[in-house]
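**Q** Residue numbers (the working numbering): 302 to 613.
Every residue gets a Cβ at the ideal spot worked out from N, C-alpha and C, and that includes glycine.
Predicted, not measured: the structure shown is a model, and the values here were computed from it.
#1: Going by DSSP, which residues form a beta bridge with residue 531?
#2: Verify the contact flag: residue 446, CB atom, against every heavy atom of the ligand PLP, threshold strictly below 6 Å.
#3: Three or more C-beta pairs closer than 8 Å, one from the segment 466 to 481 and one from the segment 442 to 456: is that the case here?
#4: Where does residue 398 land, buried or exposed, given buried means 16+ other C-beta within 10 angstroms?
#5: For residue 572, which of helix, strand or coil comes out of DSSP?
#6: From 545, 407, 595 and 604, pick the residue whose C-alpha is nearest to that of residue 576; which is it?
#7: Would residue 366 and residue 347 qualify as a contact pair, given that the criterion is a beta-carbon distance under 7 Å?
#8: Which residues mark the beginning and the end of the alpha helix (DSSP H) in which residue 544 is found?
#9: Which residue marks the beginning of the alpha helix (DSSP H) containing residue 567, and which one marks its end?
#10: Just curious, the alpha helix (DSSP H) that residue 305 is in, first and last residue?
#11: What residue from 464, 462, 495 and 463 has the CA that sits closest to residue 473's CA?
#12: Quick one: residues in its chain with C-beta nearer than 7 Å to the C-beta of residue 582, no 5 flanking neighbours on either side, listed in chain order?
#13: For residue 436, count the other beta carbons within 10 Å of its own beta carbon; 16 or more makes it buried, fewer makes it exposed. Which is it?
#14: Three or more beta-carbon pairs under 8 Å between the segment 536 to 544 and the segment 495 to 510, yes or no?
#15: Candidates 460, 499 and 475: which alpha carbon is nearest residue 483's?
#16: Starting from the C-beta of residue 371, find all residues in its chain whose C-beta is less than 8 Å away, skip the five residues before and the five after it, and write them out in chain order.
#17: Indicate whether residue 602 and residue 375 have their beta-carbon atoms separated by less than 7 Å.
#18: Which one of 357, 527, 476 and 499 has the shortest CA to CA distance from residue 511?
#19: In chain order, what residues of the same chain lie with their CB nearer than 7 Å to the CB of residue 542, ignoring the 5 residues before and after it?
#20: So, for residue 419: in the same chain, excluding its five sequence neighbours on each side, which residues have a beta-carbon less than 6 Å away from its beta-carbon?
#21: Buried or exposed for residue 342, please, with buried defined as at least 16 other CB atoms from any protein chain shown within 10 angstroms of its CB.
#22: For residue 336, would you say it is in contact with chain C, using Cβ-to-Cβ distances shorter than 7 Å as the test?
#23: Can you grab the Cα-Cα spacing for the pair residue 379 / residue 599, in whole Å?
#24: Going by C-alpha distance, which of 456, 568 and 339 is nearest residue 533?
#25: Helix, strand or coil: how does DSSP classify residue 396 here?
#26: Could you name the residues of the same chain whose beta carbon sits closer than 6 Å to that of residue 360, not counting the 5 residues immediately before and after it, in chain order?
#27: In chain order, what residues of the same chain have a beta carbon less than 8 Å from the beta carbon of residue 339, not counting five sequence neighbours either side?
#28: Any chance you could list the beta strand (DSSP E) runs of at least 3 consecutive residues sitting entirely within the segment 372 to 435, in chain order?
#29: Buried or exposed: which applies to residue 427, given that a residue is buried once 16 or more other Cβ atoms fall within 10 Å of its Cβ?
#30: Between the Cα of residue 369 and the Cα atoms of 389, 345 and 311, which residue gives the shortest distance?
#31: Does the Cβ-Cβ distance between residue 458 and residue 406 come in under 7 Å?
#32: Does DSSP classify residue 356 as helix, strand or coil?
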């Protein structure tokens, strides 16, 4: 694609992508542990960038790359790129949500089962030689209603995993134009999810209208007690509202892979305090933004980008 030149590899990638770029004639500059400051030094002569979450391709960084023609994003989440400014500069942007959607769907499923069947909590008790059966009696998924907000690649992947558990799935996505499987109910508004969902799972991108999508108004609008899952982006869910919902009992469990600020060392005191309270609750499972982070996903995302970039 475009003129052959240097490509900054600013993310872990599978060699299938590196091999394809080299075969195409590109020179790869590998800096998987890159910092924002270092990116300014390395990007100035690059025609392409492969990125993930370590750097922000904002206006300043894009201006520092006069030769830049394209950006490839490992996975989803284009909030790391100033898309409007990139378009103005004629920079083409690709991403690869097809590559890690199965990983996210599996992870959401695993977290959900861990909470409702009390797997993580009872496991930790047994490590301390604490044997409790009645206290760890679980809940079955069968017959529950799961509301999925955002029926893109990851939402659809999670829905596919759920079907084998004999649950009812309702999907809401205001941008959805494609048909969905007949066994999934398509909601034209959030009303039905708020009225009937026992489990609520977010699979939306981070953009202006999804920041704190789950807020006090959303919590108040839920008609039943429910379990919350977020494997999308941390800022989609207001952590204070999650804490309040857990304390009140409106939220009966939470599965959180992403947080308003990441990593833990970067959390401001208020967010860190809330996180520390939530993580210790027995009806909560937290993981460090690894839902889409599998060996297979690394290969698939790399392969998808190689294909979209027209590399052999």
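**A** The relevant details are as follows:
#1: Looking at the DSSP assignment, residue 531 forms a beta bridge with 503 and 557.
#2: The ligand PLP is absent from the structure shown, which contains no ligand whatsoever.
#3: Taking a cut-off of 8 Å for Cβ pairs, the segment 466 to 481 and the segment 442 to 456 touch, as three or more such pairs fall below it.
#4: By the neighbour-count criterion, in which a residue is buried when 16 or more other Cβ atoms sit within 10 angstroms of its Cβ, residue 398 is buried.
#5: Three-state result, residue 572: helix.
#6: Out of 545, 407, 595 and 604, 545 has the C-alpha closest to the C-alpha of residue 576.
#7: Yes, Cβ-Cβ distance for residue 366 and residue 347 is below 7 Å.
#8: First-last of the alpha helix (DSSP H) with residue 544: 540 to 549.
#9: Counting along the chain, residue 567 sits inside no alpha helix (DSSP H), nor does DSSP assign it H or E at all.
#10: From DSSP, residue 305 is part of no alpha helix (DSSP H); its letter is neither H nor E.
#11: Measuring from the Cα of residue 473, the nearest candidate turns out to be 495.
#12: Excluding residues within five positions, the ones whose Cβ falls inside 7 Å are 547.
#13: Of the other Cβ atoms in all chains shown, fewer than 16 fall within 10 Å of the Cβ of residue 436; this residue is therefore exposed.
#14: Touching, yes.
#15: Ranking the options by Cα distance to residue 483, first place goes to 460.
#16: Excluding sequence positions up to five before and after residue 371, its CB lies within less than 8 Å of the CB of 302, 303, 348, 349, 350, 392, 393, 394, 395 and 610, all in the same chain and listed in chain order.
#17: Their beta carbons are under 7 Å apart, which means residue 602 touches residue 375 by this criterion.
#18: Selection 357, 527, 476 and 499 evaluated against residue 511 yields 476 as nearest (Cα-Cα).
#19: Hits under 7 Å: 515, 516, 517 and 520.
#20: Around residue 419, the same chain offers 437 and 439 as residues with beta carbons nearer than 6 Å, after the five sequence neighbours per side are excluded.
#21: Looking at its Cβ environment, which holds fewer than 16 other Cβ atoms inside 10 Å, residue 342 is exposed.
#22: The structure shown contains no chain C; it holds only a single protein chain.
#23: Annotation: residue 379 to residue 599 spans about 17 Å, alpha carbon to alpha carbon.
#24: Comparing C-alpha distances from residue 533 to each of 456, 568 and 339 shows the shortest one belongs to 456.
#25: Looking at residue 396 - three-state DSSP - the assignment turns out to be strand.
#26: Excluding sequence neighbours, residue 360 sits near 383 and 386.
#27: So the list reads 332, once near-sequence residues are dropped.
#28: Listed in chain order, they are 393 to 396.
#29: It is exposed - the Cβ of residue 427 has fewer than 16 other Cβ atoms within 10 Å.
#30: For the set 389, 345 and 311, the Cα lying nearest the Cα of residue 369 is the one of 345.
#31: Yes. Within cutoff.
#32: The answer is coil: DSSP assigns residue 356 none of H, G, I, E or B.
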